[in-house]
Amino acid sequence: MQQQPPTVIAAPSYVIANPGPLGLSAFALTTFVLSLHNGGAGFPNSSPSNIVVGLAVFYGGIIQLLAGMWEFRTGNTFGATAFSSYGGFWLSYATIFIPGSGIEGAYAAAEPYILKRSLTIYLTAWAIFTAFLLIASHRSSMGMVALFFFLFITFVLLAAGEYNSSSTTTQAGGAFGVITAVIAWYNALSGLLTKDSSYFQLPVGKLP
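This note's numbering puts the first residue of the sequence shown at 172, with every later residue one more than the last.
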């Protein structure tokens, strides 16, 4: 009797929606709110900005991190790296201002400039990472290149503001942060306005 070959069962294929607009929106809104505080929009930029903590944990942090994980599923290494990393950034930033974390409390007995120096290192490290992504985005689109360029400038200015205790430099960082947020929102909207869902699309300047 001839043996029948084993039946091959194909694995079900799942359609994953584009997580890019979600990740960009989470990044944009959280950056926008914090940058308005840094820029002194209607109040001194030295005022408390703890209102951003909830956003940083849930929207800029957890939601953006999830978008990064979904980007892995779609095979987009760049998007996965960017969204997951900046999701981690917002979670780590929010943790600094959560009393139970003990981070700010650890600096209570030290000179005030010690915390500022630590924040300078923290922000400079993120500026370096953003520079890496700026280089890696050179064949994506003008919209993405502009996003990472302005984000890089934002981190540099905020780091310089902490190092020099300069409210003017921090305000400049806030202004560049607002521009960064608007560009991120634009890129998010361009991802939502597809040929299937919209009568028009937004140009992002695709690069060869």
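Using N, Cα and C, we set each Cβ at its ideal position, and we do this for glycine too. A quick note: this is a predicted structure, and the numbers were derived from the prediction, not measured.
- Annotated as proximal: Thr325 and Thr351, with beta-carbon spacing under 8 Å.
- Straight-line measurement puts the Cα of Lys366 at about 43 Å from the Cα of Phe268.
- His208 and Asn358 have their C-alpha atoms some 23 Å from each other.
- For Met240, the number of other beta carbons within 10 angstroms of its own is below 16, and it is reported as exposed.
- Per DSSP, reduced to three states, the secondary structure at Ser312 is strand.
- For Lys377, the beta-bridge partners assigned by DSSP are Ser312.
- Here Phe198 really is in contact with Ala355; their C-beta atoms are around 5 Å apart, less than 8 Å.
- Ranking Thr245, Ala279, Gly276 by CA distance to the CA of Val186 puts Thr245 first.
- By the 16-neighbour rule on beta-carbons within 10 angstroms, Pro270 is exposed.
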